[in-house]
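Q: Chains as they are written, first to last, in numbering that gives the first Met the number 0: chain A, 0 to 421; chain W, 0 to 421. To start, I am sharing the structure in question, which I have written as structure tokens.
Protein chains: 2
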Amino acid sequence: MTTELSAGALTWLLERARQDYQDLAERELSLDLTRGKPSPEQLDLSDDLLSLPGGRHTAADGTDVRNYGGLQGLPELREIFAGVLQVPVAQLLAAGNSSLELMHDCLVHALLSVLPGAESRWVDQERIAFLCPVPGYDRHFALCERFGIDMIQVPMTADGPDLDVVERLVAEDPAIKGIWCVPKYSNPGGVSYSDETVARLASMSTAAPDFRIFWDNAYAAHHLTDEPVEIADLLAACAEAGNADRVFVFGSTSKITVAGAGVAFFGSSPANVQWLLRNNSKRSIGPDKINQLRHVIFLRDADGMRAHMERQRALLQPKFDAVARILETELGGTGLATWASPKGGYFVALQVQDGCAKEVVRRAKEAGIALTPAGATHPYGDDPRDAFIRIAPSYPGLEELERAIEGLTVCVRLVGYEKQAS
Amino acid sequence: MTTELSAGALTWLLERARQDYQDLAERELSLDLTRGKPSPEQLDLSDDLLSLPGGRHTAADGTDVRNYGGLQGLPELREIFAGVLQVPVAQLLAAGNSSLELMHDCLVHALLSVLPGAESRWVDQERIAFLCPVPGYDRHFALCERFGIDMIQVPMTADGPDLDVVERLVAEDPAIKGIWCVPKYSNPGGVSYSDETVARLASMSTAAPDFRIFWDNAYAAHHLTDEPVEIADLLAACAEAGNADRVFVFGSTSKITVAGAGVAFFGSSPANVQWLLRNNSKRSIGPDKINQLRHVIFLRDADGMRAHMERQRALLQPKFDAVARILETELGGTGLATWASPKGGYFVALQVQDGCAKEVVRRAKEAGIALTPAGATHPYGDDPRDAFIRIAPSYPGLEELERAIEGLTVCVRLVGYEKQAS
Chain A
0 MTTELSAGAL TWLLERARQD YQDLAERELS LDLTRGKPSP EQLDLSDDLL
50 SLPGGRHTAA DGTDVRNYGG LQGLPELREI FAGVLQVPVA QLLAAGNSSL
100 ELMHDCLVHA LLSVLPGAES RWVDQERIAF LCPVPGYDRH FALCERFGID
150 MIQVPMTADG PDLDVVERLV AEDPAIKGIW CVPKYSNPGG VSYSDETVAR
200 LASMSTAAPD FRIFWDNAYA AHHLTDEPVE IADLLAACAE AGNADRVFVF
250 GSTSKITVAG AGVAFFGSSP ANVQWLLRNN SKRSIGPDKI NQLRHVIFLR
300 DADGMRAHME RQRALLQPKF DAVARILETE LGGTGLATWA SPKGGYFVAL
350 QVQDGCAKEV VRRAKEAGIA LTPAGATHPY GDDPRDAFIR IAPSYPGLEE
400 LERAIEGLTV CVRLVGYEKQ AS
Chain W
0 MTTELSAGAL TWLLERARQD YQDLAERELS LDLTRGKPSP EQLDLSDDLL
50 SLPGGRHTAA DGTDVRNYGG LQGLPELREI FAGVLQVPVA QLLAAGNSSL
100 ELMHDCLVHA LLSVLPGAES RWVDQERIAF LCPVPGYDRH FALCERFGID
150 MIQVPMTADG PDLDVVERLV AEDPAIKGIW CVPKYSNPGG VSYSDETVAR
200 LASMSTAAPD FRIFWDNAYA AHHLTDEPVE IADLLAACAE AGNADRVFVF
250 GSTSKITVAG AGVAFFGSSP ANVQWLLRNN SKRSIGPDKI NQLRHVIFLR
300 DADGMRAHME RQRALLQPKF DAVARILETE LGGTGLATWA SPKGGYFVAL
350 QVQDGCAKEV VRRAKEAGIA LTPAGATHPY GDDPRDAFIR IAPSYPGLEE
400 LERAIEGLTV CVRLVGYEKQ AS
């Protein structure tokens, strides 16, 4: 694209971008697009939770939810989420307020006790590596970094991770023990895995006998269009392919009900579920069952949950529409950036020219617009192309969001044309 | 004692015990004294929690408790518990629903990351050992066993662990990295540590530079008499002795409000708190702050918490009184058993003749009275003297408890006299 710009046109565009940036800076904004937090209006949708369970303290089977016990979580809550998470109720575990905790703990237990199918504890092996599709979720990468697990980048395609790369790597290297996947409306690219991707993940040959897919289905019910994306059932596909123990499914209500006080889920094969329960039984005498009952009363059933997510969508969709509209208006046809219009989830991945992302984020910050640090989409915070910027539109109000995205596009033009002129 | 019994007297006592046991068995009881669970009446005391926080969702500083964040927990809740746990508010962390989880996670983080003062991760050291005062708490021992940490038994005295033994062991062996302590109304012996014990723990020399006291102050506010026991402040004593990082303090509201949905606490030196927060920040985006606010509104302040514990005592004290009365009536002067009358906590440790505990528990089970397995008070479930039985009086109703303890005394007489006659 850059070759098509005449020197005069570039000078004019750069001058205009500089003027716009100066105007932006003078407005002294203080806007925050850093994290995928629900807005107060979204949280308000679940305010009935704050008075629940009210007078009731028994589960469907008569269990007193106030007392100890019940390590697998309330069956009636697992019933509500079994369908959307594609895990049979008996193989689903309802836990505390964070799926990230469950991912952390699965890594800990794999490091310190022997996984089904493993030859030894991971901590006793010389090297452990995980595949990291990029762009991806920074907190996944932080877990690997914290435990000294090597991270190997795999490019994302429109159908999920590049399976040609994945299949070759896992077939060769027994140190590769896992892959991070956000299979629906991925963070941050908004990609949903194709049926072929799921089938190949389930059936591929792995050199490691204890290879695990960390299937972080964080946005399973988080649609933004009238055409909810359905992905294939990886847990079932793994079992059919003779690799029943290959997948750990994670999910939570953090972006369904309340971000800080929801319920997280783990699903897997019977052997893996028993393994986690056995390890968890040393750690805890049971999850917060009152909070689980609270969620059962509030959501009622799978239909109730879906209806609730329609109300979430009504608040979120205008924000995602605004992002798409402003990016198109301000950057469309410039060749300075590309982006996806996700059909769900919480993020828009903006891809700027190579070598420009950090500078765009820096300039935006100087103008009062806080963005997730450039590089956060990649292991060790290092995007080798320096091209990806994650936009989190959920938290700010619509007007505030619009000003922030407009400001961001000014920074993209400024940095992009500066680079072309240099 | 046994030498004082004539053969005739013993025959008569054994015969009577056999008859009593037969009568007991015919009653076909089904009673459970296994775990220290609060009774439904105790849980009812906190039923206001079930409708809280109601319309409110902001913390004192304006934080929206429904959203992510706030890894250290609500300051106003930490304020309520700082005094009773003897930890300054700034060094206290309010977390999830289980202090056992916090102990587990401290072990995990010490194994997989370098503790303040440590030369390396524990997992990279050839051998790790913990001192285990006995009788002690089975879940502490299960954590050590799960992580392959050697357990070294130390006898309990009326003032806490035998410090002559403790001091000698920790001075000699750098593999000894910790000691389990329940310093007030200990589980199961009901022992409270003397000021001298606390002072010696704080100032003793340890061969390991990263030695930690796991100070499980589970019954800090759980008094059963008009003379609440006060223990010395170990955290302050450690700092004064130049061993600021030596202690991890744990506590929870599991036996204050609700057992399954309370709040757990961790307190320590600034360096240790930072270490735990840094590790926790990879694991979680924050605890359930709604539940913490719920507890703040319900308990109000330290006085409110103490008043609530008086209501708990009113339900518990008659049960402990009944246990003491029945044991004295049925076993006093027989020489078959000794026991303490704890001034707080949740347990009565019954010590029978050596070699009799397992058989007493077996006979009780056959008569429909479930007890914590004999040996649970010791590492690996193995009480070398086979003498300790833990009685948990809290859960059953008073009448049910009385029948269970009466039945237990029959078993103690039967097994004791059988042993003497053999």
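Just so you know, even glycine gets a beta-carbon here, dropped at the ideal spot from N, CA and C.
Check whether chain A comes within 9 angstroms of K176(W), counting only Cβ atoms and requiring the distance to be less than that.
A: Within the second sequence, numbered from 1, the residue matching residue 176(W) stands at position 177. Answer no: the Cβ-Cβ gap between K176(W) and chain A never drops below 9 angstroms.
Q: Below 9 angstroms on C-beta distance, what does P74(A) contact in chain W?
A: Position 75 of the first sequence holds residue 74(A). None at all; the shortest Cβ gap to chain W is about 16 angstroms.
Q: When you check each C-beta in the region 116-143 of chain W against every C-beta of chain C, which residues fall closer than 7 angstroms?
A: Of the chains in the structure shown, none is chain C; the protein chains are A and W.
Q: In angstroms, rounded to a whole number, what distance separates the CA positions of H139(A) and S283(W)?
A: Residue 139(A) sits at position 140 when you count from the first residue of the first sequence. Residue 283(W) sits at position 284 when you count from the first residue of the second sequence. Approximately 11 angstroms, taken between the alpha carbons.
Q: Examine chain A for any beta-carbon lying closer than 9 angstroms to the beta-carbon of K342(W), and answer yes or no.
A: The count along the second sequence starts at 1 and reaches residue 342(W) at position 343. For K342(W), the answer is no, since every Cβ of chain A falls outside 9 angstroms of its Cβ.
Q: Ends of the beta strand (DSSP E) at Q152(W)?
A: Locating residue 152(W) in the second sequence gives position 153, where the first residue counts as 1. Element bounds for Q152(W): D149 to T156.
Q: What residues from the region 64-98 of chain A come within 8 angstroms of chain W, judged by C-beta to C-beta, listed N to C?
A: Under the 8 angstroms Cβ criterion, the region 64-98 of chain A contributes V64, R65, N66, Y67, G68, G69, G95, N96 and S97.
Q: In chain order, what residues of the same chain have a beta carbon less than 8 angstroms from the beta carbon of P115(W), not counting five sequence neighbours either side?
A: For the purposes of this step, residue 115(W) is identified with residue 116 of the second sequence, where counting begins at 1. The answer, listed in chain order, is D209, D244, S268, A270, N271 and W274.
Q: Determine whether the beta carbon atoms of A201(A) and E171(A) lie at a separation below 9 angstroms.
A: Against the first sequence, residue 201(A) aligns to sequence position 202. Against the first sequence, residue 171(A) aligns to sequence position 172. No, Cβ-Cβ distance for A201(A) and E171(A) is not below 9 angstroms.
Q: Does the beta-carbon distance from H377(A) to G135(A) come in below 9 angstroms?
A: Along the first sequence, read from residue 1 onward, the residue named residue 377(A) stands at position 378. Along the first sequence, read from residue 1 onward, the residue named residue 135(A) stands at position 136. It is a contact, given that the beta carbons lie within the stated cut-off.
Q: By the criterion of Cβ-Cβ separation under 9 angstroms, what are the contact partners of K288(W) in chain A?
A: Along the second sequence, read from residue 1 onward, the residue named residue 288(W) stands at position 289. Residues of chain A passing the Cβ test: G259 and A260.
Q: Compare the C-alpha of N216(A) against each of R199(A), S191(A), D225(A) and D137(A) and name the closest.
A: Position 217 of the first sequence, counting from 1, holds the residue named residue 216(A). N216(A) has its Cα closest to that of S191(A), out of R199(A), S191(A), D225(A) and D137(A).
Q: For the beta strand (DSSP E) that contains C355(A), what are its first and last residues?
A: In the first sequence, the residue the question calls residue 355(A) occupies position 356. Note, C355(A): premise wrong, no beta strand (DSSP E); not H, not E.
Q: For S5(W), count neighbouring Cβ atoms within 10 angstroms of its own Cβ and tell me buried if that reaches 16, exposed if not.
A: Within the second sequence, numbered from 1, the residue matching residue 5(W) stands at position 6. Exposed, because fewer than 16 other Cβ atoms sit within 10 Å of the Cβ of S5(W).
Q: Measure the C-alpha to C-alpha separation of A8(W) and G334(W) and round it to an integer number of angstroms.
A: Taking the first residue of the second sequence as 1, we reach residue 8(W) at position 9. Taking the first residue of the second sequence as 1, we reach residue 334(W) at position 335. Cα-Cα distance, rounded: 14 angstroms.
Q: Who are the near neighbours of G177(W) in its chain, counting only those whose CB is closer than 6 angstroms to its CB and skipping five residues on each side?
A: Translated into positions along the second sequence, residue 177(W) becomes position 178. Excluding residues within five positions, the ones whose Cβ falls inside 6 angstroms are F129, R211 and F213.
Q: Counting only the same chain and skipping the five closest in sequence on each side, list residues whose C-beta sits under 6 angstroms from that of T1(W).
A: As a first step, residue 1(W) is located in the second sequence; it is residue number 2 there, counting from the start. Because the pLDDT of T1(W) is 46, which lies under 50, any placement of that residue in the model is unreliable, and the number read from its coordinates should be weighed accordingly. So the qualifying residues of the chain are Q419.
Q: Can you name, in chain order, every residue of its own chain whose Cβ lies under 6 angstroms from the Cβ of I148(A), other than the five neighbours on each side?
A: Counting from one through the first sequence, the residue named residue 148(A) turns up at place 149. Correct list, in chain order: I127 and F129.
Q: Going along the chain, which residues of its own chain have a beta-carbon closer than 7 angstroms to the beta-carbon of D63(A), five neighbours each way excluded?
A: Along the first sequence, read from residue 1 onward, the residue named residue 63(A) stands at position 64. Only H56 and T57 meet the Cβ criterion.
Q: Might you give, ordered along the chain, the residues of its own chain that have their beta carbon closer than 8 angstroms to the beta carbon of L276(W), omitting 5 neighbours on each side?
A: The sequence position of residue 276(W) within the second sequence is 277, counting from 1. These residues qualify, in order along the chain: L70, Q71 and L92.
Q: Tell whether a beta-carbon distance below 9 angstroms holds between R310(W) and L42(W).
A: Position 311 of the second sequence holds residue 310(W). Position 43 of the second sequence holds residue 42(W). Cβ atoms of R310(W) and L42(W): not closer than 9 angstroms.
Q: Cβ of L142(A) within 9 angstroms of Cβ of L101(A)?
A: Position 143 of the first sequence holds residue 142(A). Position 102 of the first sequence holds residue 101(A). Result no, Cβ atoms of L142(A) and L101(A) do not sit closer than 9 angstroms.
Q: So, with DSSP's three-state summary, where would you put R402(W)?
A: Residue numbering aside, residue 402(W) sits at position 403 when the second sequence is read from its first letter. In this structure, R402(W) counts as helix in the three-state DSSP scheme.
Q: What residue from S119(W), E398(W) and L110(W) has the CA that sits closest to V122(A)'s CA?
A: The residue labelled residue 122(A) in the question sits at position 123 within the first sequence. Of the candidates S119(W), E398(W) and L110(W), the one whose C-alpha sits nearest the C-alpha of V122(A) is L110(W).
Q: Between the beta-carbon of A348(W) and the beta-carbon of G406(W), is there less than 9 angstroms?
A: Here residue 348(W) corresponds to residue number 349 of the second sequence, with the count starting at 1. Here residue 406(W) corresponds to residue number 407 of the second sequence, with the count starting at 1. No, Cβ-Cβ distance for A348(W) and G406(W) is not below 9 angstroms.
Q: Kindly identify the DSSP beta-bridge partner or partners of D63(A).
A: Locating residue 63(A) in the first sequence gives position 64, counting from the first residue. Answer by DSSP bridge pairing, in chain order: T57(A).
Q: Given this structure, state the Cα-to-Cα distance separating V257(A) from N66(W), to the nearest angstrom.
A: Counting from 1 along the first sequence, the entry for residue 257(A) is found at position 258. Counting from 1 along the second sequence, the entry for residue 66(W) is found at position 67. Taking the straight line joining both Cα atoms gives about 6 angstroms.
Q: So with Cβ pairs under 9 angstroms, would you call L49(A) a contact of chain W?
A: The count along the first sequence starts at 1 and reaches residue 49(A) at position 50. Yes, L49(A) counts as interfacial toward chain W.
Q: Who are the neighbours of I151(A) on chain W, taking C-beta pairs under 9 angstroms?
A: Taking the first residue of the first sequence as position 1, residue 151(A) is located at position 152. Under the 9 angstroms cutoff, chain W gives no residues; its nearest Cβ is about 20 angstroms from I151(A).
Q: Can you pull the chain A residues whose beta carbon is under 7 angstroms from the beta carbon of P39(W), in chain order?
A: The sequence position of residue 39(W) within the second sequence is 40, counting from 1. Correct list: D63.
Q: Output needed in chain order: residues of the region 262-289 of chain A with a Cβ under 8 angstroms from some Cβ in chain W.
A: Residues N278, K281, R282, S283, I284, G285, P286, D287, K288 and I289.
Q: What is the rounded straight-line gap between the Cα of P372(A) and the Cα of I289(W)?
A: Taking the first residue of the first sequence as 1, we reach residue 372(A) at position 373. Taking the first residue of the second sequence as 1, we reach residue 289(W) at position 290. Distance between the alpha carbons of P372(A) and I289(W): 29 angstroms.
Q: What are the start and end residues of the alpha helix (DSSP H) that includes A263(A)?
A: For the purposes of this step, residue 263(A) is taken as residue 264 along the first sequence, with counting starting at 1. That residue, A263(A), is in no alpha helix (DSSP H); its beta strand (DSSP E) goes A263 to G266.
Q: Distance cutoff 9 angstroms, beta carbons only. Does D161(A) sit that close to anything in chain W?
A: Translated into positions along the first sequence, residue 161(A) becomes position 162. It does not: the Cβ of D161(A) has no partner Cβ on chain W nearer than 9 angstroms.
Q: Please state whether DSSP places K36(A) in a helix, a strand or coil.
A: By 1-based counting over the first sequence, the position of residue 36(A) is 37. If DSSP states are grouped into helix, strand and coil, K36(A) belongs with coil.
Q: Just to make sure I have the definition right: I need the residues of chain W whose C-beta is within less than 8 angstroms of the C-beta of H56(A). Which are they?
A: For this step, residue 56(A) is matched to residue 57 along the first sequence. Simply L42, D46 and L49.
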